[in-house]
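As you go down the protein sequences, you meet chains F and Y in turn.
Be aware that the first sequence starts at 119, since it is given in our numbering, and climbs by one per residue.
Be aware that the second sequence starts at 4, since it is given in our numbering, and climbs by one per residue.
Beta carbons are placed, not taken as given, at the ideal position from N, Cα and C, and that holds for glycine.
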Amino acid sequence: EAQVTQNPRYLITVTGKKLTVTCSQNMNHEYMSWYRQDPGLGLRQIYYSMNVEVTDKGDVPEGYKVSRKEKRNFPLILESPSPNQTSLYFCASSVLAGASYEQYFGPGTRLTVT
Amino acid sequence: GNSVTQMEGPVTLSEEAFLTINCTYTATGYPSLFWYVQYPGEGLQLLLKATKADDKGSNKGFEATYRKETTSFHLEKGSVQVSDSAVYFCALGSGSNYKLTFGKGTLLTVNP
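Dropping the structure here:
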């Protein structure tokens, strides 16, 4: 089954404790991205990657890092989490379908930073 | 820059009612337009899309027409069901269309 998986699905942590949210896709997509979803703000892109070892900032990259060492994996790293990073996070991968790219989303990771 | 504005919710309807969720956009060039749906506790799923002016996207009884003259992509369904209760996001694909710019989402609740 074609899918994007994220782990963990739920995480409660404390300020300053480094954490990693994993993302993996089995569709051989080149493009992957991370979004955060906040009430009243919709989804905002954090980082994206166009291929292995190629990453770039999205709209809200502060406080986050990413890496793309393998095509299928795109982990999101919070080196020193703060309460304002409490949010719902989605990983997505994209494929060209006709004239546009379609994005496939993971199930989400709900992060709480106290 | 690119932006998407969709009607604020929440929207509450009775089963079999007609649904419209308005979406307008600002973009340079010729973007692709999408509607995504998020059911409770799940990620976003592509509902429908349109890639050029006057295209109509449709799926599961939902429709939206890409109107370049009014920069709009309103979502419609003739008869909603309780199972349609979800958050709906209008989105725009820009540049290489890798990146999506989302609206803030509209919560739809359909009562029996």
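So if I threshold CB-CB distances at 8 Å, which residues from the segment 48-70 of chain Y count as touching chain F? Cβ contacts with chain F: Q48, L49, K52, T54 and K55.
So which of Y/V113, Y/L103 and Y/V90 has the shortest CA-CA distance to Y/E11? Of the listed residues, the one whose Cα sits closest to Y/E11 is Y/V90.
Which same chain residues end up closer than 6 Å to Y/T68 when comparing Cβ atoms and leaving out the 5 residues on each side of it in sequence? K59.
Quick one, which of Y/Y39, Y/T112 and Y/K71 has its alpha-carbon nearest Y/K63's? Ranked by Cα distance from Y/K63, the options Y/Y39, Y/T112 and Y/K71 are led by Y/Y39.
Option in F/K135, F/W152 and F/K136 with minimal Cα separation from F/Q143: Looking at the Cα atoms, F/W152 is the closest of the given residues.
Around the C-beta of Y/V85, are 16 or more other C-beta atoms found within 10 angstroms, so that it is buried, or is it exposed? Around the Cβ of Y/V85, a 10 Å sphere holds fewer than 16 other Cβ atoms; the residue is exposed.
Can you give me the C-alpha to C-alpha distance between F/M168 and Y/T8, rounded to a whole angstrom? A straight-line Cα-Cα distance of about 27 Å links F/M168 and Y/T8.
Kindly indicate if chain C contains any beta-carbon less than 9 Å away from that of F/R162. This model lacks chain C altogether; the protein chains it does include are F and Y.
Could you pull the DSSP bridge partners for F/N125 from this structure? When beta bridges are read from the DSSP output, F/N125 appears opposite F/T140.
State the Cα-Cα distance for the pair Y/G108 and F/K135, rounded to the nearest angstrom. Using only the alpha carbons, I get a separation of about 32 Å.
Just to check, is the beta-carbon of F/Q221 closer than 8 Å to a non-hydrogen atom of the ligand NAP? Summarising the ligand content, the structure contains no ligands, and the ligand NAP is consequently not present.
Alpha carbon to alpha carbon, how far is Y/K71 from F/I195? So the alpha carbons of these two residues sit roughly 40 Å apart.
Output yes if chain Y places a C-beta closer than 9 Å to the C-beta of F/V132; else output no. Taking Cβ atoms only, chain Y never reaches closer than 9 Å to F/V132, which makes this a no.
Going by alpha carbons, who is nearest to F/P126 out of F/L214, F/S185, F/S200 and F/L137? Residue F/L137 is the option with its Cα nearest to F/P126.
Would F/P199 be called buried (16 or more neighbouring beta carbons within 10 Å of its own) or exposed? The residue in question, F/P199, is buried, as its Cβ has 16 or more Cβ neighbours within 10 Å.
Residues near Y/T29 in its chain [Cβ-Cβ closer than 6 Å; skip 5 each side]: Here the set comprises S6.
Counting only beta-carbon atoms, is F/F223 nearer than 9 Å to chain Y? Taking Cβ atoms only, chain Y reaches closer than 9 Å to F/F223, which makes this a yes.
What in chain F is Cβ-close to Y/F76, meaning under 9 Å? In chain F, no part has a C-beta under 9 Å from the C-beta of Y/F76; the shortest such distance is about 13 Å.
Taking Y/F65 and Y/L47 to be in contact with their CB atoms under 8 Å, please state how far apart those CB atoms are, rounded to whole angstroms. So it is not a contact: roughly 15 Å between Cβ atoms.
Buried or exposed: F/E119, going by 16 or more other Cβ atoms within 10 Å of its Cβ? Classified as exposed, F/E119 has fewer than 16 neighbouring CB atoms from the shown chains inside 10 Å of its CB.
How is Y/V90 classed by DSSP in three states: helix, strand or coil? Reduced to three states, the DSSP call for Y/V90 is strand.
Looking at Y/T23: is its Cβ nearer than 9 Å to the Cβ of Y/T74? Result no, Cβ atoms of Y/T23 and Y/T74 do not sit closer than 9 Å.
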